[in-house]
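Each remark here refers to the structure printed beneath this line.
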Amino acid sequence: MKIIVLNGSPKGELSVTMQSVAYLAKLHPEHEFDVVHIAQRIRHFEKDRAAFDKLMEQIRASDAVLWGFPLYILIVHANYKRFIELIFERGTQNAFTGKYAAALSTSIHFFDHTAHNYIHGICDDLGMRFVDSFSADMDDLTKKEGRQQLENFGRQFFNAVKNQVPTQRQYPPLVRREFTYQPVAAPAPLSTSGKKVVILHDEKDTNSNLAKMVDRCRASFTDAVTVVNIHDLNIKSSCLGCIECGSGKKCAFTDRDEYIEFYKSTVMTADILIYAGQMVDRYLSSRWKMFFDRIFFNTHTPVLIDKQVALVISGPLGQNPNLMEILRGFFEFQGANISGVITDEYGNSAELDRLIDQLLARTLKFSAESYTRPMTYLGVGGMKVFRDDVYGRLRFVFDADHRAYKRLGVYKTFPQTEFKNMLFNTLVAPLVNIPSIRKQLDRRIKKEMVAPHKKVVEKALPTAS
Numbered sequence: 000m001k002i003i004v005l006n007g008s009p010k011g012e013l014s015v016t017m018q019s020v021a022y023l024a025k026l027h028p029e030h031e032f033d034v035v036h037i038a039q040r041i042r043h044f045e046k047d048r049a050a051f052d053k054l055m056e057q058i059r060a061s062d063a064v065l066w067g068f069p070l071y072i073l074i075v076h077a078n079y080k081r082f083i084e085l086i087f088e089r090g091t092q093n094a095f096t097g098k099y100a101a102a103l104s105t106s107i108h109f110f111d112h113t114a115h116n117y118i119h120g121i122c123d124d125l126g127m128r129f130v131d132s133f134s135a136d137m138d139d140l141t142k143k144e145g146r147q148q149l150e151n152f153g154r155q156f157f158n159a160v161k162n163q164v165p166t167q168r169q170y171p172p173l174v175r176r177e178f179t180y181q182p183v184a185a186p187a188p189l190s191t192s193g194k195k196v197v198i199l200h201d202e203k204d205t206n207s208n209l210a211k212m213v214d215r216c217r218a219s220f221t222d223a224v225t226v227v228n229i230h231d232l233n234i235k236s237s238c239l240g241c242i243e244c245g246s247g248k249k250c251a252f253t254d255r256d257e258y259i260e261f262y263k264s265t266v267m268t269a270d271i272l273i274y275a276g277q278m279v280d281r282y283l284s285s286r287w288k289m290f291f292d293r294i295f296f297n298t299h300t301p302v303l304i305d306k307q308v309a310l311v312i313s314g315p316l317g318q319n320p321n322l323m324e325i326l327r328g329f330f331e332f333q334g335a336n337i338s339g340v341i342t343d344e345y346g347n348s349a350e351l352d353r354l355i356d357q358l359l360a361r362t363l364k365f366s367a368e369s370y371t372r373p374m375t376y377l378g379v380g381g382m383k384v385f386r387d388d389v390y391g392r393l394r395f396v397f398d399a400d401h402r403a404y405k406r407l408g409v410y411k412t413f414p415q416t417e418f419k420n421m422l423f424n425t426l427v428a429p430l431v432n433i434p435s436i437r438k439q440l441d442r443r444i445k446k447e448m449v450a451p452h453k454k455v456v457e458k459a460l461p462t463a464s
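When you line the sequence shown up against numbering that gives the first Met the number 0, it's residues 0 to 464, in that order.
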């Protein structure tokens, strides 16, 4: 059986993910594994159409496709994303149609589910027969249990291909509506009140809905705001995965392109950030992905704390909840507050105008009041994943994160640093769980849980609206 492996790591053969693939190949010499380093060679496939077409023929000649990739900023690497765009741009979807597929990744399990959702959705859009996803920890191959899990994944994937097992589409096709946005001038332009507002977008077509939404946002302020098309920035490459940033946040591209200086001087100094993007397949554009990937010069340290973020999206975002989860997860982890999201998928032009007006007014109000919502599981859980790994096994690589986490108080959330709770759990909890005492406690627990909250409510005074 011929298995073509599409490698999504910019490090090529030096990818941890590809070691898991090599392990499967070693166990199954009866199958032919053909590894293609997609992310590492994306410029070659972009510029050389003959090379791209040859790859499509390799895929046509295969029995199955294994999408192998590391995680990069909650999804796949920008170069992998660009390859997926090329498939659709060049009309070569039929090379994948009907092929069996599976996805294999390695990570520390920070939003690995959103990356796998994305790849599964792409496979469905390509008409593939998606069998399974396998998300390994970066160290799993070195452990007996991890190897056993990988072996089981490989066997069931190969058996599915061999036996032509039926598969079912999970993600419905995305349907864009035919709608042309025609904005009118804002009835009451807003003052920024000294807040620094930055609008970032990736639109090249000045007549598109997104371009008009960006212009409407810009014209809605009485003061000057910064508007940047990220295509105009000199960004030489997406993240290389080299980890040079780990010890001192010094990126391999420092002083070689504009990105780091721009991000520090424009994005990190803004009070309000408006991110505007066109949906391309089941994400934003690969240019946006490159922009997000390069944020890794800050490694795993939040740098957008307390900033207000407004999202302006052109496309069927409501049909693609995975993208919204990626955006919410990213900005929550960064410490920013999403003030709102608008898209052009519903309503008419007048309604969209009002939505833009309301979004900008709310964002300014939130900024003036320093309002941020509490983090949900996306931010809390994500931060704890990095807290634990940076304190532990990753500290020697990401010492810069370790120092930042100490400065930001991230380690104060460790249960073992909360002396009061430790003392209670050591001395009081054993007594409370004596059956006779526990029986009395169970009768009172609901009242006791709300008692301190009731005291706060009783002391509260009316405020002016």
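The C-beta atom is built at its ideal place from N, Cα and C for all residues, glycine as well. The structure displayed is predicted, hence computed values, not measured ones.
Are the CB atoms of residue i and residue j nearer to each other than 8 Å?
i	j	result
H115	S132	yes
D62	V160	yes
S246	A367	no
E31	K1	yes
P301	G334	yes
Y170	G120	yes
S284	D201	yes
L316	E350	no
V20	G67	yes
M289	A94	no
L23	L140	no
E235	F296	The amino acid occupying residue 235 in the given sequence is Lys; Glu does not appear at that position. No, Cβ-Cβ distance for K235 and F296 is not below 8 Å.
Report the rounded CA-to-CA distance for residue i versus residue j, giving the unit in angstroms.
i	j	result
S8	A102	13 Å
Y71	C244	15 Å
R353	S219	11 Å
S14	L310	34 Å
I41	N6	11 Å
V346	S313	The identity of residue 346 in the sequence shown is Gly, whereas the question assumes Val. Taking the straight line joining both Cα atoms gives about 13 Å.
L173	V4	26 Å
F332	G381	7 Å
K10	S104	14 Å
P429	F418	17 Å
I58	E144	32 Å
F87	R175	16 Å
T16	D441	50 Å
R293	K453	48 Å
R89	H401	45 Å
V35	E177	38 Å
I83	L358	33 Å
K411	S207	48 Å
Q167	L125	13 Å
K364	G408	28 Å
T179	L189	25 Å
Hey, could you find the ends of the alpha helix (DSSP H) residue i is sitting in?
i	result
P451	P434 to K458
S348	S348 to A367
K288	S285 to D292
S19	V15 to L26
I479	Given that the chain is displayed from residue 0 to residue 464, the structure contains no residue 479 and the question cannot be resolved.
N78	A77 to E88
N321	P320 to F332
M267	Counting along the chain, M267 falls outside any alpha helix (DSSP H), and DSSP gives it neither H nor E.
H299	Careful: H299 lies outside any alpha helix (DSSP H) and carries neither H nor E.
G381	Y376 to Y390
R402	D398 to L407
Apply the 10 Å Cβ neighbour rule to residue i and answer buried if 16 or more other Cβ atoms are within range, or exposed otherwise.
i	result
F385	buried
A56	Reading off the sequence shown, one finds Glu at residue 56, where the question assumed Ala. Exposed, by the Cβ-count rule.
M448	exposed
A269	buried
R372	exposed
Q307	buried
I325	buried
V75	buried
C241	exposed
S338	buried
D111	buried
P461	exposed
If I follow the unbroken beta strand (DSSP E) through residue i, where does it start and stop?
i	result
F68	A63 to P69
A38	Here A38 belongs to no beta strand (DSSP E), and DSSP marks it neither H nor E.
V311	Q307 to S313
F100	Reading off the sequence shown, one finds Ala at residue 100, where the question assumed Phe. Segment Y99 to S106, the beta strand (DSSP E) holding A100.
V431	Note, V431: premise wrong, no beta strand (DSSP E); alpha helix (DSSP H) at A428 to V431.
K1	K1 to N6
G276	I271 to Q277
G339	N336 to T342
Taking only beta-carbon positions, decide if residue i is within less than 8 Å of chain D.
i	result
M267	Among the protein chains of the structure shown there is no chain D, as only one such chain exists.
Looking at residue i and the ligand NAP, is the gap between the Cβ and the nearest heavy atom below 7 Å?
i	result
V449	Inclusion of the ligand NAP in the displayed structure is not the case, the ligand content being empty and no account of it being possible.
| Residue ranges of each alpha helix (DSSP H) run of no fewer than 4 residues wholly in the region 188–259, ordered along the chain? | 208–218 and 244–247
| query | Fully enclosed by the region 110–185, which alpha helix (DSSP H) runs are 4 residues long or longer? | reply | 111–124 and 143–162
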